[in-house]
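In the working numbering, the protein residues as written are 857 to 1218.
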């Protein structure tokens, strides 16, 4: 077996496999661009410090992208390339230490002592940027006295969901053939793109997946309302008044935040950092988040000449999206063997856990 479907939460298996075959340092290459996007140096275990670096410069990146002529829109612009690091959590928003402290303090309010409860919410772009995952991880890693877990309620305007659905432009055979000619890639590689979402739709799908993940994992109140900033803000305001609680809503859009504050919501604007580092100290979870995000943004990545990661592939369906799955394809014998053996164990453990969750019959 030379291919494997792995969910984002299970990518540690792939990283363990790379480490076990001596690939603890590797470059991640976009096959469409024929360019290294970043490099990774794995720590000895998931608890040890790893490193990511190799951020490209604007001029070099756009020169490569523009060679695609009419298909350049199928390769992320430089801004989206940088946003990839934001969406994975490798780069944090401007003044993140200050903002994260504010978020934790708000969620940690005690209504029993008279403080108003706080619900968290996101606009469409904030979900596309995977800021729910960023904040979910922040809350999960925050340690409270006595080991209690920090839990938040989330307000999810259906107007946001409506902005995230409905786009369905997909790659056709003719387009794939033309992309093969321009890129020099074989049809065997790009044929995996057939009938899969194009770039702009994939970026929207990322936001949709965030919405669904939030709805599955958290206590969420869905709020009726139509699409559009004004409608979204109004639905949040009505919920705030009805439940007598505060809403902390996240966006990158200054006008959206201005409107939110006008309706007495706590608008938090996330901005890109002013200065970008050349490399970052990370852990294995961060590396997994980056590999997932990059694969979805670029469609297919090369880790080694024998190993590729697909963010889209022929037959990818909504279930694959919602489980945040990638397709790993490798011709490297030792890595294949490692993944085959441990993939079976992983699947068996998951099956056992699912059975244990089911209520006993009779």
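Beta carbons: idealized from backbone N, C-alpha and C, even for Gly.
Considering only their Cβ atoms, is the gap separating residue j from residue i smaller than 9 Å?
i: residue 1088; j: residue 974; result: no
i: residue 938; j: residue 1059; result: no
i: residue 896; j: residue 1195; result: no
i: residue 1011; j: residue 1122; result: no
i: residue 1056; j: residue 942; result: no
i: residue 1054; j: residue 1027; result: yes
i: residue 1105; j: residue 977; result: yes
i: residue 1109; j: residue 981; result: yes
i: residue 1084; j: residue 983; result: no
i: residue 950; j: residue 1126; result: yes
Short of 6 Å in beta carbon distance, which residues of its chain neighbour residue i, apart from the five on each side in sequence? Order them along the chain.
i: residue 1169; result: 1048, 1183
i: residue 1153; result: 932, 940
i: residue 1009; result: 975, 1075
i: residue 944; result: 1145, 1146, 1149
i: residue 1158; result: 885, 887, 1164
Work out the CA separation of residue j and residue i for me, nearest whole Å.
i: residue 919; j: residue 934; result: 10 Å
i: residue 1065; j: residue 1167; result: 14 Å
i: residue 960; j: residue 1176; result: 32 Å
i: residue 966; j: residue 1003; result: 16 Å
i: residue 930; j: residue 914; result: 17 Å
i: residue 1046; j: residue 1032; result: 6 Å
i: residue 1097; j: residue 1116; result: 14 Å
i: residue 1179; j: residue 1206; result: 13 Å
If you drop the 5 nearest sequence neighbours on each side, which residues of the same chain put their C-beta closer than 7 Å to that of residue i?
i: residue 871; result: 898, 1140, 1143, 1144
i: residue 1172; result: 1052
i: residue 1061; result: 1053, 1177
i: residue 1135; result: 907, 908, 909
i: residue 1162; result: 1186, 1187, 1188
Below 8 Å CB to CB, which residues in the same chain sit around residue i once its five sequence neighbours on both sides are set aside?
i: residue 928; result: 921, 922
i: residue 858; result: 1185, 1186, 1187, 1192
i: residue 1080; result: 1014, 1091
i: residue 1137; result: 905, 906, 907
i: residue 869; result: 862, 1195, 1198, 1199, 1202
i: residue 873; result: 1191, 1194, 1195, 1198
i: residue 824; result: Outside the shown range of the chain (857 to 1218) lies residue 824, about which nothing can therefore be said.
i: residue 1114; result: 1123
Between the Cα of residue i and those of the options, spot the shortest distance and give me the residue it belongs to.
i: residue 894; options: 903, 900, 1083, 917; result: 917
i: residue 1051; options: 1155, 892, 979, 1008; result: 1155
i: residue 875; options: 1204, 1110, 1172, 1160; result: 1160
i: residue 867; options: 1165, 956, 1205, 924; result: 1165
i: residue 1069; options: 901, 987, 930, 1046; result: 987
i: residue 882; options: 910, 862, 1201, 869; result: 910
i: residue 985; options: 948, 953, 969; result: 948
i: residue 864; options: 878, 1151, 1112; result: 1151
Would you say the beta carbon of residue i is closer than 8 Å to some non-hydrogen atom of the ligand ATP?
i: residue 1004; result: Of the ligands one can find in the structure shown there are none, so the ligand ATP has no counterpart to examine.
Can you find at least 3 beta carbon pairs, one from the segment 959 to 973 and one from the segment 1082 to 1102, that sit closer than 8 Å? yes
Would you call the segment 991 to 1006 and the segment 1018 to 1031 in contact, with 3 or more CB pairs under 8 Å? no
Please determine if the segment 1079 to 1095 and the segment 1111 to 1125 are in contact, where contact requires at least 3 C-beta pairs separated by less than 8 Å. yes
Three or more C-beta pairs below 8 Å linking the segment 876 to 894 and the segment 1024 to 1039: yes
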